[in-house]
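S.K.: Throughout, the working numbering is defined as the position within the sequence shown, counted from one, plus 122.
Think of the CB as a built atom: it goes at the ideal place given N, C-alpha and C, for glycine as much as any other residue.
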Amino acid sequence: MILSHHRYTTLPLLLSISLLAGCEQSSIAAEEASPRPVKSVTTQSKREVVESLPGMVRARTETDLAFRTLGRIVSRKVDVGDLVRKGDVLAEIDPVSLRLAVRSADANLRDAKAQLENAVLTEGRKRTLAHKKASSIADHELAEQQLKSAEANVAKETASLEKAREQSGYATLRAEFDGVVTATYAETGQTVSTGQPVLKLARLEQRDVVVDVPEKQFRSVRLNDKFRIALQLDRTAQTVGVVREIAPQADPNTRTHRLKVAIDEAKEVFRLGAVVTATPLVERRKQALALPGSAISEKGGAIHVWVVNQSTGTVSPRPVQLDTQARGSRWVRVLSGLQEGDEIVVAGVNELVEGQKVKRVQERHP
123 MILSHHRYTT LPLLLSISLL AGCEQSSIAA EEASPRPVKS VTTQSKREVV
173 ESLPGMVRAR TETDLAFRTL GRIVSRKVDV GDLVRKGDVL AEIDPVSLRL
223 AVRSADANLR DAKAQLENAV LTEGRKRTLA HKKASSIADH ELAEQQLKSA
273 EANVAKETAS LEKAREQSGY ATLRAEFDGV VTATYAETGQ TVSTGQPVLK
323 LARLEQRDVV VDVPEKQFRS VRLNDKFRIA LQLDRTAQTV GVVREIAPQA
373 DPNTRTHRLK VAIDEAKEVF RLGAVVTATP LVERRKQALA LPGSAISEKG
423 GAIHVWVVNQ STGTVSPRPV QLDTQARGSR WVRVLSGLQE GDEIVVAGVN
473 ELVEGQKVKR VQERHP
């Protein structure tokens with residue numbers, strides 16, 4: 123009877139364990155089958171945006187010129203807008219102290235040369251006496267040392283005089299190249315320190331049009347793109363420029379990117395400071411699809427995106443080719459691998475596996 127009792131009590135226990143195991147497996151299966159939430163967008167073509175933008179003509183090279191020594195400005199011979207040639211005198215500081223320094227250095231050199239002549243005579247006399255045993259060898263050696271010291275002193279004072287003469291030329295500020303004065307920072311009578319800017323000089327032969335481009339339009343701009351440049355006051359005055367520089371970051375306040383468009387061959391009417399209108403001359407490029415940068419995955423050097431099968435709700439990776447020349451930190455241009463209307467995962471891509479079900483939250487494509 124006792125054995126029979128144990129047999130009947132064991133059966134419910136086994137059934138309970140089986141039921142618990144089944145529930146746990148069902149829970150795991152349900153968890154695995156639950157769709158993973160992701161954000162997705164539907165691809166669409168990004169067509170080139172062609173809008174005219176305001177710009178300004180500026181010199182490609184502008185240099186601040188300064189005196190190389192401390193002094194009081196006694197004359198400034200140029201103003202803003204003046205054309206100058208290389209070597210022209212632009213400003214002068216009081217040369218009195220510099221001339222006095224030259225005179226002092228010249229006097230020191232003459233004194234050093236006199237000491238050298240005396241040392242030469244003394245060394246010769248001591249050498250003769252030493253040969254005749256009329257003077258000690260120590261006296262001759264001392265005379266030799268004094269001669270060497272006098273020679274070194276002459277060399278030192280010669281260098282000091284050369285330096286003083288060179289610095290006397292620092293009293294005159296000259297143009298380092300042909301150009302135009304675009305700014306002045308100091309007036310006659312003002313004392314300036316070494317290296318303090320006195321005026322700004324710009325080269326005339328190299329000019330750029332500086333354009334600030336909104337982020338939306340900036341995504342389609344590339345180096346060497348061409349722009350039609352027209353004066354705002356005279357639209358008949360036109361030229362073509364080439365993008366030579368693109369700012370890597372947007373201005374934190376305006377959120378625009380700065381372009382520099384070279385117009386080296388432009389006519390003289392495009393003077394520095396002229397306000398112009400810049401219009402992109404967009405050539406037809408290979409049609410591209412735009413995606414947020416967050417949609418791009420890379421594994422083993424291969425670039426791909428996760429495409430949603432809209433009928434089954436599952437995802438699969440698809441290799442794509444990107445436009446490496448396109449600029450923009452938030453968006454990329456896909457040249458091949460996708461079609462317009464494909465649904466692409468743009469958030470939550472790191473944990474996806476092929477064939478996984480997803481729950482999509484569609485984002486609006488700008």
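Where does the unbroken alpha helix (DSSP H) through L220 begin, and where does it stop?
M.R.: Start and end: 218 to 253.
S.K.: When you compare the CB positions of V218 and L323, do they come within less than 9 Å of one another, or not?
M.R.: No, Cβ-Cβ distance for V218 and L323 is not below 9 Å.
S.K.: From V397 to P176, what does the alpha carbon distance come to, in whole angstroms?
M.R.: The straight-line gap from Cα to Cα measures roughly 7 Å.
S.K.: Would you kindly check if the distance between the Cβ of I425 and the Cβ of Q444 is under 9 Å?
M.R.: The sequence given here has Leu at residue 444, not Gln. Yes. Within cutoff.
S.K.: Mind listing, in chain order, the continuous alpha helix (DSSP H) runs of no fewer than 4 residues lying wholly within the stretch 323 to 381?
M.R.: You should have 337 to 340.
S.K.: Just verifying my parser: in three-state terms, what is the DSSP assignment at E476?
M.R.: Coil at E476, not helix or strand.
S.K.: I'd like the list of long-range same chain contacts for A265, defined as Cβ closer than 7 Å, with 5 residues on each side in sequence excluded.
M.R.: So the list reads T244, E245, K248, once near-sequence residues are dropped.
S.K.: Can at least three beta-carbon pairs, one atom from the stretch 320 to 340 and one from the stretch 180 to 189, be found at a separation below 8 Å?
M.R.: Contact between the stretch 320 to 340 and the stretch 180 to 189 is present, because at least three Cβ pairs lie under 8 Å.
S.K.: Which residues bound the alpha helix (DSSP H) around L460?
M.R.: Per DSSP, L460 belongs to no alpha helix (DSSP H) and is neither H nor E.
S.K.: Report yes or no: do three or more beta-carbon pairs, one from the stretch 359 to 378 and one from the stretch 323 to 342, lie closer than 8 Å?
M.R.: Enough Cβ pairs lie closer than 8 Å, so yes.
S.K.: What span of residues does the alpha helix (DSSP H) with S271 cover, start to end?
M.R.: Taken as a continuous stretch (DSSP letters only), the alpha helix (DSSP H) holding S271 covers 259 to 290.
S.K.: Alpha carbon to alpha carbon, how far is L136 from E476?
M.R.: Low local confidence applies: a pLDDT of 43 at L136 is under 50, so the model's placement there is unreliable, with the coordinate-based value given in what follows. The straight-line gap from Cα to Cα measures roughly 39 Å.
S.K.: Have a look at A252, W453, S258 and flag the residue whose alpha-carbon is nearest the alpha-carbon of Q339.
M.R.: Nearest of A252, W453, S258 to Q339, Cα basis: W453.
S.K.: From V200 to A213, what does the alpha carbon distance come to, in whole angstroms?
M.R.: Taking the straight line joining both Cα atoms gives about 8 Å.
S.K.: Here's the rule I'm using: 16 or more other beta-carbon atoms within 10 Å means buried, otherwise exposed. How should G470 be labelled?
M.R.: Burial call: buried.
S.K.: Would you decide whether A229 is buried or exposed? Buried here means 16 or more other CB atoms lie within 10 Å of its CB.
M.R.: Label assigned to A229: exposed.
S.K.: Is V430 buried or exposed, if buried means 16 or more other CB atoms sit within 10 Å of its CB?
M.R.: Buried.
S.K.: Using CA atoms only, rank isn't needed, just tell me which of T250, R329, A281, K270 is closest to E390.
M.R.: Here the closest residue by C-alpha is R329.
S.K.: Could you tell me the boundaries of the beta strand (DSSP E) in which R207 lies?
M.R.: First-last for R207: undefined, no H or E at that position.
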